[in-house]
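Position one of the sequence shown corresponds to residue -1 (the working numbering), numbered consecutively onward.
First the structure, in the form of structure tokens, and then the observations on it.
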Amino acid sequence: HHGTSTQPLKMHAYKVHFVNAGNQTPSGENLLGKRHNFFLGNDPGNGAGKVASFGKIIYKNIYQGIDLHAYSNGGHFKYDFVVAPHAPTSAIQLKYEGVDGLALAEGNLVISTSVEDIIEQEPLAWQIVNGQKVMVKCQYKLNGDEVGFDFPNGYDTALELVIDPTVIAATVAG
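Structure representation (structure tokens):
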């Protein structure tokens, strides 16, 4: 950018912990061919160089029988939980650390920060039934600083289930 700005940058970071999740190593899919360098300070040993970039990151069995897929779609951070048949969706519990507050509004999860509200849109969920994508009613379940998912009309536990929220106005870095 040309020139300098005297305006302070407004930033807010928070963490989402996967409560009682397994300690999994992520794997990448869809290699993008780009390499990035990440270094903190002047010590070359405090970082990584030529890090591969992927279109999707997968955590297999983040919960027993449940995988987590993280990717970008249309400029928005996306994550899906892919639930194997008979795996308990109640195991999915997301604990938010460092936020100013959590609330539900019109089916969305509102994450309040010192800079702005981050919106996780009402989650979509579906199953493939006889070769057809069938939508499943899904909603957030808020318990203090922890978030889970609820299925008010139930779903066929004998089939794979995909839970698909969309995060609006968030940047992932660091």
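Even for Gly, the Cβ is constructed at its ideal location relative to N, Cα and C.
Everything numeric in this text was worked out from a predicted model, so none of it was measured.
From the options, residue whose alpha carbon lies closest to that of residue i
| i | options | result |
| --- | --- | --- |
| Asn44 | Thr4, His84, Val113, Asn35 | Asn35 |
| His67 | Phe75, Ile56, Tyr61, Gly73 | Ile56 |
| Ile60 | Ser110, Gly73, Leu7, His15 | His15 |
| Lys13 | Asp154, Thr23, Gly96 | Gly96 |
| Lys93 | Glu144, Ala101, Asp154 | Glu144 |
| Asn180 | Leu29, Pro6, Asp154, Thr4 | No statement about residue 180 is possible, as the shown extent of the chain runs from -1 to 172 and does not include it. |
Which of helix, strand or coil DSSP assigns to residue i
| i | result |
| --- | --- |
| Thr164 | strand |
| Ser112 | coil |
| Ala89 | helix |
| Asn21 | coil |
| Val134 | coil |
| Gly129 | coil |
| Asp183 | Given a span of -1 to 172 for the chain in the structure shown, any question on residue 183 remains unanswerable. |
| Phe149 | coil |
| Leu7 | coil |
| Asn141 | strand |
Pairwise C-alpha distance: residue j and residue i
| i | j | result |
| --- | --- | --- |
| Ala103 | Leu122 | 16 Å |
| Leu107 | Ile117 | 6 Å |
| Lys135 | Gln119 | 14 Å |
| Ala171 | Gly53 | At Ala171 the pLDDT is 43, less than 50, meaning the model places this residue with poor confidence and gives no usable figure here. |
| Gly31 | Ser70 | 16 Å |
| Lys8 | Asp98 | 15 Å |
| Pro188 | Ser51 | A query on residue 188 cannot be resolved here, the shown segment of the chain reaching from -1 to 172 and no further. |
| Pro24 | Asp65 | 10 Å |
| Gly47 | Asp41 | 12 Å |
| Glu114 | Leu100 | 12 Å |
| Pro83 | Ile161 | 13 Å |
Buried/exposed call for residue i, threshold 16 Cβ in 10 Å
| i | result |
| --- | --- |
| Phe37 | exposed |
| Pro163 | buried |
| Thr169 | Note that Thr169 has pLDDT 46, beneath the 50 cutoff, so the model's placement of it is unreliable and no number is given. |
| Leu159 | buried |
| Gly78 | As written in the sequence, residue 78 is Asp, which differs from the Gly given in the question. It counts as buried. |
| Val49 | exposed |
| Val132 | exposed |
| Val81 | buried |
Beta carbon of residue i nearer than 8 Å to that of residue j
| i | j | result |
| --- | --- | --- |
| Gln91 | Val17 | yes |
| Leu157 | Gln125 | yes |
| Thr111 | His10 | yes |
| Gln105 | Ala85 | According to the sequence provided, residue 105 is Gly. The question's Gln does not apply to it. Contact: no. |
| Lys76 | Gln22 | no |
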